[in-house]
Amino acid sequence: MLPVACSSDDGGTPTTDSGVDTGADTGPLDPLAVPCTDTKDAVYGAPGALPADKGAILKCSPADTIAKAALQAKVDGIGYKGKALTSGYRSYRILYRTERGTKTPSAGYTSAMVFLPDTPRAAKLPLVLFGRGSRGQAAKCAPSRLEPEGAYVQGDYDAAVLPLVGAGYAVIAPDLSGYANFGAADNPVAAYGNANDSGKALLDGSRALRKLVPSILSDKVVLVGHSQGGHVALSGAALSGTYGVDGTLAGVALYAPLWLAQRTWGALLLLADVYPIATEPTPNAVSIWYHYTTSELLDGPGHGGDVFKADKRAAIKTFVESDCWAKNYPKLEALGTKATDLFDPRSTRPSPTPPPPARRAHRRPGQDPLRDLAGPLQGRPSSLSAVKAPVLFMYGASDTTIPPQRVTCADRHDGEGRRQAHLLRRPRPGPRRHRPRQVELRRRLDRQRRPRRDRPGGLRKGQGSDPRHRRQARHLRPDSPERLSSPGRRRTPRPSTGRDYRPIVCGSKVVAL
């Protein structure tokens with residue numbers, strides 16, 4: 002299965018945004034350190050002159066005030082099963098200064114929602130930065146707007162944020178750069194999966210929230226992310242050492258993070274017949290969002306359509322600027338039946354990157370198909386080795402969108418050989434399932450990249466067709482973390498503990514739920 006950004010199919014209901022109290026038991030809060038008298042529309046309009054100070058608050062508008070009882074009823078309605086909430090909240094929309102991930106870093110700004118508990122769990126609260134899941138790249142898709150078009154995935158957002166603030170934490174959830182003042186000449190559209198663009202926007206949220214309510218925050222900063230927001234949170238963690246964060250990074254918690262090299266979306270073009278737009282709308286939409294928005298960010302305004310067929314470019318632009326995450330996308334179905342109907346043929350041919358000369362003799366067909374499709378856009382930092390804070394990955398075995406066997410972040414090690422993260426999975430009995438799409442991808446890549454026999458340092462005769470020399474797919478069995486690390490070698494599976502979720506020990510760290 003091609004991995005795609007996770008989002009609920011159950012839909013949701015936008016939060017009431019009346020700007021007035023809902024309930025009667027909200028307590029006093031320390032006054033904000035900056036004025037908050039702007040209108041909602043002003044937050045999403047032109048920011049004015051941008052100051053040099055990152056995190057500077059440009060606009061601020063009051064939003065909802067929700068009492069504890071009303072908040073408890075809301076989270077119960079979306080399936081919350083945790084401890085009883087202890088706080089209601091007051092929320093604000095803000096616009097703050099950040100930096101864009103353009104080729105030459107440039108000043109930018111992002112809108113965000115701020116949630117402040119009326120009953121803080123401590124005198125000084127850790128600052129929680131939340132990376133939200135995929136929503137679409139159009140202005141109306143920004144989660145803080147609470148537009149009807151975002152209702153389809155609003156339940157994901159509420160399920161992640163509301164229990165945190167209901168437990169007494171202060172939370173800021175950036176929309177990410179590009180949504181506010183949408184379409185302005187100096188404001189590229191939000192780039193899907195670009196680590197520099199989204200990671201910086203998230204980290205500057207720590208500076209913005211500290212400027213807004215400095216009196217209630219401790220030095221600790223925690224990054225939380227779901228799906229695409231997991232990619233954002235991990236990008237922020239990887240960049241925190243060089244770009245900086247206002248405080249000390251104390252931990253990173255992730256729900257089904259999309260921690261994949263974004264060139265993955267190019268692999269869709271090799272399997273276009275397997276992923277028709279009508280029946281597999283999500284990978285097609287994400288591939289378009291990624292390629293269009295990244296080109297706009299790095300190549301400049303007007304270049305988003307360069308990788309698409311000339312007669313499709315106007316319609317693709319309309320799709321990106323108007324459609325939010327949905328069950329299907331009629332605009333795309335009207336353009337063709339599969340991805341190769343939309344992309345310029347020159348963009349659909351793989352561009353193998355040869356290995357270094359010292360390793361050429363050990364190359365095998367299909368050794369790393371997605372890496373060999375690499376273009377210049379990596380989409381994420383190459384390593385989390387600089388992150389010293391604990392990192393928690395959580396995947397559900399019933400997740401058909403980003404299943405745990407498709408993401409191998411739990412295998413990353415720090416510079417001293419310790420595992421950098423934990424992977425929690427729900428045990429599920431049964432044999433390993435056949436994955437025809439993965440097999441087909443490897444076969445097609447092998448045919449396209451089979452080396453010539455006369456190449457210096459190439460493979461021996463017959464080696465390209467021998468399945469023993471092909472790359473072994475690293476699968477996780479549903480009931481154990483078994484891996485195939487080399488041909489003919491199998492690691493002993495760990496026994497199941499019988500718990501709903503069981504911890505996997507990484508180094509000296511154990512996660513227990």
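Every letter in the sequence shown is one number past the one before it in the working numbering, and letter 212, counting from 1, is 213.
Ideal placement from N, C-alpha and C gives every residue a C-beta, glycine not left out.
- If you draw a straight line from the Cα of residue 244 to the Cα of residue 205, it is about 9 Å long.
- Residue pairing by DSSP places residue 256 opposite 227 and 395 in a beta bridge.
- The C-alpha of residue 275 is placed about 49 Å away from the C-alpha of residue 39.
- Restricting attention to 333, 295 and 50, the CA atom closest to the CA of residue 179 is found in 295.
- Going by beta carbons, residue 326 and residue 153 fall inside the 8 Å limit.
- Annotation for residue 231: 132, 255, 256, 257, 258, 259 and 260 place their beta carbon closer than 7 Å to its own, counting only its chain and skipping 5 residues before and after.
- In this structure, the straight-line span from the alpha carbon of residue 234 to that of residue 93 is close to 21 Å.
- Here residue 166 has 90, 116, 118 and 172 as same chain residues with Cβ atoms under 6 Å from its own Cβ, once five neighbours each way along the sequence are excluded.
- Taking residue 286 as the centre and dropping the five residues before and after it, the same chain places the C-beta of 330 and 333 closer than 7 Å to its C-beta, in chain order.
- Fully contained in the stretch 233-313 are the following beta strand (DSSP E) runs of length 3 or more, in chain order: 249-256.
- In the displayed model, residue 105 falls within coil according to three-state DSSP, outside both helix and strand.
- Residue 162 holds the alpha-carbon nearest to the alpha-carbon of residue 79 among 339, 191 and 162.
- The continuous alpha helix (DSSP H) containing residue 157 extends over residues 155-167.
- Looking at the DSSP output, residue 37 bridges to nothing.
- Residue 88 sits away from residue 229, with the two beta carbons spaced by 8 Å or more.
- Judged by DSSP secondary structure, residue 331 falls within the alpha helix (DSSP H) whose first and last residues are 331-334.
- Per DSSP, the unbroken beta strand (DSSP E) holding residue 130 starts and ends at 126-132.
- Spatial neighbours of residue 42 in its own chain (CB-CB distance under 8 Å, excluding positions within 5 residues in sequence) are not present.
- Sorting 266, 146 and 126 by C-alpha distance to the C-alpha of residue 95 places 146 at the top.
- According to the DSSP assignment, residue 171 belongs to the beta strand (DSSP E) that extends over 171-175.
- Residue 150 and residue 184 have their C-alpha atoms spaced approximately 19 Å apart.
- With fewer than 16 other beta carbons inside 10 angstroms of its own, residue 220 counts as exposed.
- Close CB contacts of residue 99 within its chain, under the 7 Å cut and outside five residues either way in sequence, are with 55, 109, 110, 111, 178, 201, 202 and 205 (chain order).
- For residue 220, the three-state secondary structure derived from DSSP is strand.
- Restricting attention to 226, 385 and 343, the CA atom closest to the CA of residue 239 is found in 385.
- The Cβ atoms of residue 52 and residue 60 do not sit closer than 8 Å to each other.
- Under DSSP, residue 100 takes part in a beta bridge, and its partners are 108.
- By DSSP's assignment, residue 344 forms a beta bridge with 309.
- Selection 181, 144, 388 and 57 evaluated against residue 46 yields 181 as nearest (Cα-Cα).
- Taking a 10 Å sphere around the C-beta of residue 346, we find fewer than 16 other C-beta atoms and assign the residue as exposed.
- In terms of Cα proximity to residue 107, the closest of 397, 303 and 298 is 298.
- Between the alpha carbons of residue 155 and residue 72 lies a distance of about 15 Å.
- Counting along the chain, no alpha helix (DSSP H) covers residue 86, and no H or E run does either.
- Comparing alpha carbon positions, the residue from 293, 222, 342 and 301 closest to residue 321 is 293.
- In this structure, residue 76 sits near residue 164, with a CB-CB distance shorter than 8 Å.
- Residue 197 and residue 101 have their C-alpha atoms roughly 7 Å apart.
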